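Engineer:
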Amino acid sequence: MADSVLLQVLRGSSDANVRFADLRNLLLRLGFTERIKGSHHIFTHPVVAEILNLQPKNSFAKPYQVKQVRKILFQYKLAEGTL
1 MADSVLLQVL
11 RGSSDANVRF
21 ADLRNLLLRL
31 GFTERIKGSH
41 HIFTHPVVAE
51 ILNLQPKNSF
61 AKPYQVKQVR
71 KILFQYKLAE
81 GTL
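Here our numbering is used: the first residue of the sequence shown is 1, the next is one more, and so on.
#1: What does Lys57 pair with, by DSSP beta-bridge criteria?
#2: Could you tell me the distance, in whole angstroms, from the CA atom of Ser13 to the CA atom of Leu73?
#3: Are the Cβ atoms of His45 and Glu34 separated by less than 7 Å?
#4: Could you tell me the alpha carbon to alpha carbon distance between Ala49 and Leu30, rounded to whole angstroms?
#5: I'd like the list of long-range same chain contacts for Phe20, defined as Cβ closer than 7 Å, with 5 residues on each side in sequence excluded.
#6: Considering Phe32, what are the terminal residues of the beta strand (DSSP E) in which it resides?
If you want it as structure tokens, here you go:
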């Protein structure tokens, strides 16, 4: 299941259909740590300079935030070896 979410994010063909809980679990599985402030889920990673600040829209992730996650995964090669 998590691999299908990773493929969905990396493919970029359905950014509006990524469930927030699935994206959150994917980031945690890839080594991100999370802190929550209100509706903001703030993710950090030891090798990533950027901070990901995500908020759910109903039960889905916002498409532009899925795009941000994809950019980080490619930029820092975080998805390699997980498929």
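We put the CB at the ideal spot given by N, CA and C, even for glycine. All values derive from a computational prediction rather than experimental measurement.
Structural biologist: In terms of the structure at hand:
#1: Note: Lys57 sits in a beta bridge opposite Phe60.
#2: Taking the straight line joining both Cα atoms gives about 16 Å.
#3: At least 7 Å separates the beta-carbon of His45 from that of Glu34.
#4: Between the C-alpha atoms of Ala49 and Leu30 there is a straight-line separation of about 15 Å.
#5: For Phe20, where only same-chain residues beyond five positions count, the Cβ hits under 7 Å are Pro56, Ser59, Phe60, Ala61.
#6: Element bounds for Phe32: n/a, residue is neither H nor E.
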